[in-house]
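Written below as structure tokens is the structure these notes are about.
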Amino acid sequence: MRSLFILLFAVLSAPTFAQEPPRAALKYRADLVRSVRLVWGLDGPVATMAGQVQQESAWQPDARSAYAHGLAQFTPDTAEWIAGMDEALAGADTGNPVWALRALARYDRWLWERVPDRGNACVQWTQTLRGYNGGLGYVQREARTGKPCEAFRAGWACRENLAYPRQILTRWQPLYLSWGSGVRCA
83 MRSLFILLFA
93 VLSAPTFAQE
103 PPRAALKYRA
113 DLVRSVRLVW
123 GLDGPVATMA
133 GQVQQESAWQ
143 PDARSAYAHG
153 LAQFTPDTAE
163 WIAGMDEALA
173 GADTGNPVWA
183 LRALARYDRW
193 LWERVPDRGN
203 ACVQWTQTLR
213 GYNGGLGYVQ
223 REARTGKPCE
233 AFRAGWACRE
243 NLAYPRQILT
253 RWQPLYLSWG
263 SGVRCA
């Protein structure tokens, strides 16, 4: 019993994550706020998208993964596709932070309009973020069939895709609430 109390005390008194945005993010704050408001309106979810950039690249404009590049980690194919959707995004340049932030806001809006709406912003944002991370088709297929992620994808891919929105909405978004609104999740 004593060891359980010690463990519980350690967990409850453990340091929390940083309470303010990292320095690297501050350089891009105005560009993100402008991009979100342009696409989503004045009450757009700035904190949510800032958390998304934190998750994707930790605000490093030259970040690279096996398939993607830039602040928003767009693949070349997605960058070209989204550049064709909005003339302000012509000339897809994933390494340009302004382009990447505008494309992120635009793509999130496009996804938001296509995921199943269950009358709950938290659920809709979770689905939007999963679509961004792993593909809208998988999210729609799960909703249509009622089958879990594992029915269509490898276990590791499902674990990553299910954790992605949770990281953004619960870990990163709170750091950016001073920048603008975010998604309220219970």
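Every position in the sequence shown, counted from 1, becomes a number in our numbering once 82 is added. All C-beta atoms, glycine included, are put in the ideal place defined by N, C-alpha and C.
Where residue i falls, given that 16 or more other Cβ within 10 Å makes a residue buried
i	result
Pro-104	exposed
Gly-126	buried
Phe-91	Residue confidence is low: Phe-91 scores 33 on pLDDT, short of 50, so the model does not pin down where it sits. Its coordinate-derived value is still stated next. Exposed, because fewer than 16 other Cβ atoms sit within 10 Å of the Cβ of Phe-91.
Thr-98	Below a pLDDT of 50, predicted positions are generally treated as unreliable, and Thr-98, at 44, falls in that range; the measurement from the model is reported next regardless. Exposed: under 16 other Cβ atoms inside 10 Å.
Leu-251	buried
Pro-143	buried
Arg-120	For clarity, residue 120 is Leu in the given sequence; the question names Arg instead. It counts as exposed.
Leu-211	buried
Arg-266	exposed
Arg-188	buried
Leu-257	buried
Ala-96	Only weak support is given to the placement of Ala-96: the predicted model assigns it a pLDDT of 38, under 50, and the question is left unresolved by the model.
Asp-159	exposed
Gly-219	exposed
Trp-238	exposed
Gln-255	buried
Ala-271	There is no way to answer for residue 271, as the model of the chain reaches only from 83 to 268.
Leu-183	buried
Leu-108	exposed
Nearest neighbour of residue i, chosen from the options [CA to CA]
i	options	result
Gln-101	Glu-138, Val-265, Ser-260 and Ala-268	Ser-260
Trp-207	Gln-222, Ala-236, Trp-194 and Val-180	Trp-194
Glu-138	Glu-242, Arg-266 and Ala-268	Glu-242
Gln-209	Pro-256, Leu-171, Ala-245 and Ser-117	Ala-245
Trp-181	Val-118, Leu-108 and Ala-268	Val-118
Pro-247	Trp-122, Asp-159 and Gln-136	Gln-136
Arg-253	Asp-113, Gln-134 and Ala-106	Gln-134
Asn-215	Gly-264, Leu-124 and Cys-240	Cys-240
Gly-262	Tyr-110, Lys-109, Leu-124 and Ala-107	Leu-124
Gln-249	Ala-132, Val-115 and Leu-108	Ala-132
Trp-37	Arg-111, Val-115 and Arg-196	What is shown of the chain runs 83 to 268, which leaves residue 37 out entirely.
Gly-264	Lys-109, Ala-106, Val-197 and Trp-122	Trp-122
Ala-185	Ala-107, Leu-114 and Leu-108	Leu-114
Asp-77	His-151, Gly-213 and Leu-171	Past the edges of the chain, shown from 83 to 268, lies residue 77, and the structure says nothing about it.
Beta-bridge partners of residue i, as assigned by DSSP
i	result
Phe-156	His-151
Arg-146	His-151
message: Is it the case that the segment 201 to 208 contacts the segment 223 to 237, given that we only count it when at least three CB pairs across the two stretches are under 8 Å?
response: no
field: Any 3 or more C-beta pairs closer than 8 Å across the segment 163 to 181 and the segment 147 to 155
entry: yes
- prompt: Can at least three beta-carbon pairs, one atom from the segment 164 to 174 and one from the segment 132 to 147, be found at a separation below 8 Å?
  reply: Output reads no: the segment 132 to 147 does not touch the segment 164 to 174.
field: Minimum length 4: unbroken alpha helix (DSSP H) runs contained in the segment 161 to 227
entry: Those alpha helix (DSSP H) runs which fall completely within the segment 161 to 227 and span 4+ residues are 179 to 194, 203 to 216 and 218 to 227.
- prompt: What beta strand (DSSP E) runs, 3 residues minimum, are completely inside the segment 97 to 130?
  reply: none
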